[in-house]
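Encoded as C-alpha cells, the structure appears first; notes follow it.
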Amino acid sequence: MFEISKHFFKEEASEEKEKARVGITVGNVGWVQVRQESLDTRGNPRGDIKEAFNMRPFSESDEARQPLPPVLKEHEKHLGEFMRSCHELCMRLLEAFALTFKKDVGGLQILLPSTSLAPSPFTPIGVESQPQWLDAPVSGPDSVLVNIGDLMEFWTGGRFPSTVHRVSLPRSKEEAQDRFSIAYFLHPDDDVLLERLTDDGEDVNTRLKARFGFDPKEPLTAKDWLERRLAATYAGRKEV
C-alpha cells in the first residue's frame, strides 16, 4: 500500500491530480494539494504542508465509487481489499467499545465510567502540567495506530476522549525526507442522528460545546457534523 501511495504522490502527472482535486460539492473525495487543508486553523492558518488523496468507500466488489487517477486505477482491486480489511477491523473495535457500557462482562475486567470526562482515573498530559507531546513510534511492519475521533468524543459525552495528535515538521536536514501515512476514517451514515449515548450533566454539555462549537442538545446528524467540520478544514478549497 505504501508503494502505491509513493508511486502516486511522486510520479502521477500533476494534470491527472488536478482532475481529481477535492471540491466542496463532491463529498470530500479526491486529491488535496499542499496547503489546501488546515486541520489546525489557529496554529497553522496557512494550511498543512502535505498532499492527500481522499476516497469514499468502495463497492462490495472492491470497485471505486469515484474517478481514480491512472496510477491508482491500476491498483483499484488492491485498494478495495485494503479498505474492506480496515472496515472489518473497525467493526471489531466498536464491538469492544460497546462492552464498556455494560456492567458485567464475563472474562473482561473494565472500570465503569464515572461522571468525569475520562473513562479511567488518569490525568492527561497537559491538563494540570506543562503540555508536552509524546512520540508514537511504529513498532512493526503490521502496526496499526488507532485514534478516537472528535465525533466519538461528542457522541459519548467525553467517555472516549479524542486523541490530540500532530505530525511534526523536520527539525534538521537529516530528518527532511518523504513521509507517507494511510488513514482510514470510520464515520456513521449521513442520516444517523447523533443522540448522546450518555448524559453526564450540564457541566459536560458546556465543555463539549466549548470544545466543538456544537450544542449537544441540538438535533445533529452525522452529515451535519461532517459538513461543519469540513467547512473549517477546507475554508479555501475549490468550488466545483
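Each residue of the sequence shown is one higher than the one before, counting from 12 in my numbering.
Cβ atoms here follow ideal geometry from the backbone N, Cα and C, with glycine treated the same way.
query	result
Check this for me: beta carbons of alanine 233 and proline 199, under 8 Å apart or not?	yes
Could you tell me the distance, in whole angstroms, from the CA atom of alanine 221 to the CA atom of proline 172?	14 Å
Between Asp153, Gly168 and Pro152, which has its C-alpha nearest isoleucine 159's C-alpha?	Gly168
Considering only C-alpha positions, which residue in the set Val203, Ala194 and Trp166 is nearest to phenylalanine 108?	Trp166
I'd like to know whether the C-beta atoms of leucine 197 and cysteine 101 end up nearer to each other than 8 Å.	yes
Looking at C-beta atoms only, is the number of pairs between the region 60-80 and the region 92-106 that lie closer than 8 Å three or more?	yes
Which partner residues does glycine 41 have in the DSSP bridge list?	Asn65
So valine 82 is in the alpha helix (DSSP H); what residue range does that whole segment cover?	81-84
Return the Cβ separation of proline 80 and phenylalanine 19 in integer angstroms, given the expectation that the two are a contact with Cβ distance under 8 Å.	7 Å
Which class does threonine 232 belong to by DSSP, given the choice of helix, strand or coil?	strand
Considering only residues of the same chain and omitting the five flanking positions on each side of valine 82, which have a CB-CB separation below 7 Å?	His18, Phe19, Glu22 and Glu23
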